[in-house]
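Heads up, the sequence shown is in numbering that gives the first Met the number 0, so the first residue is 0 and it goes up one at a time.
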Amino acid sequence: MLTEISVKNVALIEEATLELSPGLNAITGETGAGKTLLATALQLLLGGRARSEAVRAGAEKATIEGTFVLPEETGPELLAEALGDLAEEVDAEDGLVLRRTLTGEGRSRCFVGGVSVPVRALGTLGERLVSYHSQREQAKLTEPAEQLAILDDFLTGKASKARQDHEDVWRSVEAARRELAEVRATGEARLREADFLRFQVSELEAAGYSSQEAEDLARERDRLRNVTDLQQAAAAAAAFLSSEEGGGAVDSVASAAGELETALRFDAGLSGLLERLGGLSAELEDVLYELRSYVEELEADPGRLETVEDRIAAMRALERKYGDVEGYLDDARARLARLENLDEETGGLQARVADGERRLAGLAGTLSAGRAKAAARLAKKVQENLSGLNLGRTEFRARLVPAEAGPTGRERVEFEIRPNPGEPELPVRRYASGGELSRIMLAIRLAQERVEPGATYVFDEVDAGIGGETATAVGAKLRQLGMRNQVLTITHLPQIASEAASHVVVAKEEAQGRTITRITRVSGDERLKEMARMLSGRIDEASLAHASELLTHK
Numbered sequence: 000m001l002t003e004i005s006v007k008n009v010a011l012i013e014e015a016t017l018e019l020s021p022g023l024n025a026i027t028g029e030t031g032a033g034k035t036l037l038a039t040a041l042q043l044l045l046g047g048r049a050r051s052e053a054v055r056a057g058a059e060k061a062t063i064e065g066t067f068v069l070p071e072e073t074g075p076e077l078l079a080e081a082l083g084d085l086a087e088e089v090d091a092e093d094g095l096v097l098r099r100t101l102t103g104e105g106r107s108r109c110f111v112g113g114v115s116v117p118v119r120a121l122g123t124l125g126e127r128l129v130s131y132h133s134q135r136e137q138a139k140l141t142e143p144a145e146q147l148a149i150l151d152d153f154l155t156g157k158a159s160k161a162r163q164d165h166e167d168v169w170r171s172v173e174a175a176r177r178e179l180a181e182v183r184a185t186g187e188a189r190l191r192e193a194d195f196l197r198f199q200v201s202e203l204e205a206a207g208y209s210s211q212e213a214e215d216l217a218r219e220r221d222r223l224r225n226v227t228d229l230q231q232a233a234a235a236a237a238a239f240l241s242s243e244e245g246g247g248a249v250d251s252v253a254s255a256a257g258e259l260e261t262a263l264r265f266d267a268g269l270s271g272l273l274e275r276l277g278g279l280s281a282e283l284e285d286v287l288y289e290l291r292s293y294v295e296e297l298e299a300d301p302g303r304l305e306t307v308e309d310r311i312a313a314m315r316a317l318e319r320k321y322g323d324v325e326g327y328l329d330d331a332r333a334r335l336a337r338l339e340n341l342d343e344e345t346g347g348l349q350a351r352v353a354d355g356e357r358r359l360a361g362l363a364g365t366l367s368a369g370r371a372k373a374a375a376r377l378a379k380k381v382q383e384n385l386s387g388l389n390l391g392r393t394e395f396r397a398r399l400v401p402a403e404a405g406p407t408g409r410e411r412v413e414f415e416i417r418p419n420p421g422e423p424e425l426p427v428r429r430y431a432s433g434g435e436l437s438r439i440m441l442a443i444r445l446a447q448e449r450v451e452p453g454a455t456y457v458f459d460e461v462d463a464g465i466g467g468e469t470a471t472a473v474g475a476k477l478r479q480l481g482m483r484n485q486v487l488t489i490t491h492l493p494q495i496a497s498e499a500a501s502h503v504v505v506a507k508e509e510a511q512g513r514t515i516t517r518i519t520r521v522s523g524d525e526r527l528k529e530m531a532r533m534l535s536g537r538i539d540e541a542s543l544a545h546a547s548e549l550l551t552h553k
């Protein structure tokens, strides 16, 4: 339930704070005073599209803030659905405060309980907290998709699950159908691609490319190109280790070990150093042996060098052509395997389609049966509500019409009315007048139960085209709806306003050369005057008496 809404710098509203009551709240005022601005502000607060013209001229930004009391049973779930992990940071125990600011450039910031959130979070909350109905929304009742959505709200049990499952399976089958059609349509192209891939795989396999071989060949080429320099360097290193004249590292280490061995007779503590010198001497002997062997094995081999360079050139050519040669070969083999298994792939897709169609047939049957029962429940509830809206002679039914199979099933629904006995039934979209459509919509909304308990209905001048006893009946029905949910109705009818537990008047006036909209909650004499104005367009003794009578009988 919306307990308070504050609006600042939205269009003609400079600043206003409005406290709302449970039950029916009526919003009235002269035509053009800006009654709908409140509904517009509420829509913006709940994630509606923001336009820069919504910001009052001359103001830097507009601010809308609303406080909601969440249903105890579903409040935590609602927050988790809208905010995800951010819900843990929000404290809604004393009311959930939503706030949105808009700049003249069209940018906006959104907050829930002081936590910054994306605008879609406000939209998700709005879908559960507020059910908005305007003359434009009223026209949606004539759209087949909206009528089917209303009917499907009355599905229960297996039929309700079949509705969602049917859509999921339909989309899966459609995807398989598209994939199968693509496979069939591209058959020749796939055969050409397979031939080309076979050639590439054959070329690469024949080349025997290996990245490790490429590295090994690069090292061998460098060695063969620099044999003389390598021989000289290795020979010099060997000479430094041991020379014919002595004095090399090997000889020096051996001499040092001999000296320590002599000293060991006087100090046993030198044994560790002697042992390390022994190990070092053996290591140097091994290095010297390997260096001499390396020098002896090195020899120029122009023939081998040419062979290595030719092989490297061939491998570089493959790298320029294929990039990551080994990776490309793996991918090509995999793609070729898929293409060569075309028949198997086609068979698998055909099986998926056939299995999906069997499931769809079963789900569609369950859904159709469920909709037939739902149509009867909807018609009964709407019929009961129509009786209380001065349309007791009007008959309503939701007729199922076979249609081409689609994600929503194999039928559509047509809302039909028979205004008077003996007349033919005709679709609502072709028959109902504005006033009748207003009452039919209200009868349907009263029958629906998808809005959260304690949430808010907003009716924005949906009572156009009605008056007299009909207006009185509509007012009574809105009051009845207010017993279940909070209701905000923007109305020009005194019969409806008189039923309200709370009455708000919107007026336009000038202040300091600017036009502003004032929003005031009225009661007592002020409410009596507003009712008199609504009844006759002026406030005089007769209209005041009529207004008093209207309010007294409530």
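All C-beta atoms, glycine included, are put in the ideal place defined by N, C-alpha and C.
Keep in mind it's a predicted model, so treat the numbers as computed, not measured.
The alpha-carbon separation between Ala368 and Gln163 amounts to approximately 15 Å. Ranked by Cα distance from Arg370, the options Arg332, Val412, Glu403 and Ala353 are led by Val412. Taking C-alpha positions only, Glu548 is separated from Ser501 by approximately 18 Å. Setting aside the 5 residues that flank it on each side, Asn389 is surrounded in the same chain by Glu468, Thr469 and Ala472, each with a C-beta closer than 6 Å to its C-beta; the list follows chain order.
The straight-line gap separating the alpha-carbon atoms of Pro426 and Arg398 is approximately 9 Å. Here Met533 is buried. Its C-beta has 16 or more other C-beta atoms within 10 Å. In the three-state scheme derived from DSSP, where H, G and I count as helix and E and B as strand, Ser115 is classed as strand.
Each of Ile489, Lys507 and Ala506 was checked against the Cα of Ala499, and the nearest Cα belongs to Ile489. DSSP places Asn384 within a helical segment (H, G or I) once states are collapsed to three. CA-CA distance, Ser133 to Gly46, rounds to 17 Å. When secondary structure is reduced to three states using DSSP, Gly405 falls in the strand class. Taking Gly28 as the centre and dropping the five residues before and after it, the same chain places the C-beta of Lys34, Val504, Val505 and Ala506 closer than 7 Å to its C-beta, in chain order. For Phe458, the three-state secondary structure derived from DSSP is strand. Taking a C-beta distance under 9 Å as the contact criterion, Ala374 and Leu150 qualify as a contact pair. If you ignore the 5 residues before and after Leu279, its C-beta comes within less than 8 Å of the C-beta of Val252, all in its own chain and listed in chain order.
Note on Phe198: under 16 other CB atoms within 10 angstroms of its CB, so exposed under the neighbour-count rule. Leu190 counts as exposed, since fewer than 16 other C-beta atoms from the protein chains shown sit within 10 angstroms of its C-beta.
In the same chain as Met482, and ignoring 5 residues on each side of it, the C-beta atoms closer than 8 Å to its own belong to Gly22, in chain order. Exclusion of the five residues before and after Tyr293 leaves Ala233 as the residues of its chain whose Cβ lies within less than 6 Å of its Cβ. Taking a cut-off of 8 Å for Cβ pairs, the segment 152-171 and the segment 356-366 touch, as three or more such pairs fall below it. Within the DSSP secondary-structure output, Val504 pairs in a beta bridge with Thr27 and Thr519. Shown here, Gly364 sits in a helix according to DSSP, grouped into three states. For Arg99, there is no enclosing alpha helix (DSSP H); the residue is found in the beta strand (DSSP E) stretching over Leu95 to Thr102.
If the five residues before and after Glu318 are omitted, its C-beta is found closer than 7 Å to the C-beta atoms of Val324, all from its own chain and listed in chain order.
For the 9 Å CB-CB criterion, Arg98 and Gly65 form a contact. Taking the Cα of Gln230 as reference, the smallest distance to any Cα among Leu297, Val129, Asp354 and Leu287 is reached at Leu297. The residues Val200, in chain order, have a CB closer than 7 Å to that of Arg332 in the same chain once the five nearest residues on each side in sequence are set aside. In this structure, Ala404 lies near Leu359, with their beta-carbon atoms less than 9 Å apart.
Boundaries of the beta strand (DSSP E) harbouring Val6: Leu1 to Val9, taken from the DSSP string. Counting only residues of its own chain and dropping the five nearest sequence neighbours on each side, Ala161 has a CB closer than 6 Å to the CB of Leu362, Thr365 and Leu366. If you draw a straight line from the Cα of Leu203 to the Cα of Val307, it comes to about 19 Å. Contact annotation, Val486 with Val129: C-beta distance approximately 11 Å; criterion of less than 8 Å not satisfied. Between the segment 42-58 and the segment 87-104, the count of C-beta pairs closer than 8 Å reaches three or more; the two stretches touch. Remark: three or more beta-carbon pairs, one from each stretch, lie closer than 8 Å, so the segment 108-120 and the segment 74-82 are flagged as touching.
In the three-state reduction of the DSSP assignment, His132 falls in the strand class, which pools E and B. In the DSSP annotation of this structure, the continuous segment of the beta strand (DSSP E) that includes Gln485 starts and ends at Gln485 to Ile489.
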